[in-house]
Amino acid sequence: MEEKLAQNITVESMKVEDLDDVLKVEASCFKNSWSRYAFLSELTENKLSRYIIVKIGEKLVGYAGMWLVFDEAHVTNIGLLPEYRGFGIGELLMRYLINLALKNGAEKMTLEVRKTNYIAQNLYSKLGFEPSGIRKGYYMDDHEDAIIMWKDLI
Numbered sequence: 003m004e005e006k007l008a009q010n011i012t013v014e015s016m017k018v019e020d021l022d023d024v025l026k027v028e029a030s031c032f033k034n035s036w037s038r039y040a041f042l043s044e045l046t047e048n049k050l051s052r053y054i055i056v057k058i059g060e061k062l063v064g065y066a067g068m069w070l071v072f073d074e075a076h077v078t079n080i081g082l083l084p085e086y087r088g089f090g091i092g093e094l095l096m097r098y099l100i101n102l103a104l105k106n107g108a109e110k111m112t113l114e115v116r117k118t119n120y121i122a123q124n125l126y127s128k129l130g131f132e133p134s135g136i137r138k139g140y141y142m143d144d145h146e147d148a149i150i151m152w153k154d155l156i
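Residue 102 in my numbering sits at position 100 of the sequence shown, and the numbers go up by one each step.
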């Protein structure tokens, strides 16, 4: 499957017409998933936001987003259908966001990750993110702590 994936992967800007599929990915990843309105607002009203999707062939399998505030990029969310994890697609999404942040003048990037999400933490560390603090009780569904991570982009 991995070789087949590499031949058909595309990354593009998220559009309103992608939201049905984005919401399916969101629901498969998070207990407290974002609403259609939240994504719609990000796409149509928030001038600081940038959202991307990843497709394999015509199937939307993941997405990622960030806010660009002055010289900083803040990753808001990243989601990937469970059956497509472990093939490097999450890393592809993050690398794409990093490049997009650089093109938009960001010098640093930050994100929060669940304290127990070791797979994501390892990916972010591999990409040069370093832990810088803890947000106690950050996640609403279970009040799990979040690790704050930062990366210098330049």
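All residues carry an ideal CB built from backbone N, CA and C; glycine is no exception.
Small disclaimer: the values here were computed from a predicted structure and weren't measured.
- Task: Report the residue from A66, Y141, I149 and K138 whose alpha carbon sits nearest the alpha carbon of I100.
- Result: A66
- In angstroms, rounded to a whole number, what distance separates the CA positions of M142 and R116? 11 Å
- Close beta carbons around F41, own chain, < 7 Å, minus the five adjacent residues each side: L21 and V24
- In chain order, each beta strand (DSSP E) run of at least 3 residues that lies wholly inside the segment 16 to 85: 51 to 58, 61 to 71 and 74 to 82
- Below 8 Å CB to CB, which residues in the same chain sit around D154 once its five sequence neighbours on both sides are set aside? E109, K110 and G130
- Less than 7 Å separating the beta-carbons of G64 and V27? yes
- Could you tell me which residues DSSP pairs with D154 in its beta bridges? K110
- Whole angstroms is fine: what's the gap from L102's alpha carbon to D144's? 32 Å
- Message: I need the straight-line Cα distance from R52 to E93, nearest angstrom please.
- Response: 17 Å
- Would you tell me roughly how many angstroms separate the C-alpha atoms of M16 and T46, rounded to the nearest one? 11 Å
- Message: With DSSP as the reference, identify every bridge partner of R97, one or two as the case may be.
- Response: Answer is none; R97 lacks a bridge partner.
- Proximity winner among E114, A122, N124 and E74, relative to K138 (alpha-carbon distances): E114
- Item | Beta carbon of I91 nearer than 7 Å to that of L82 | yes
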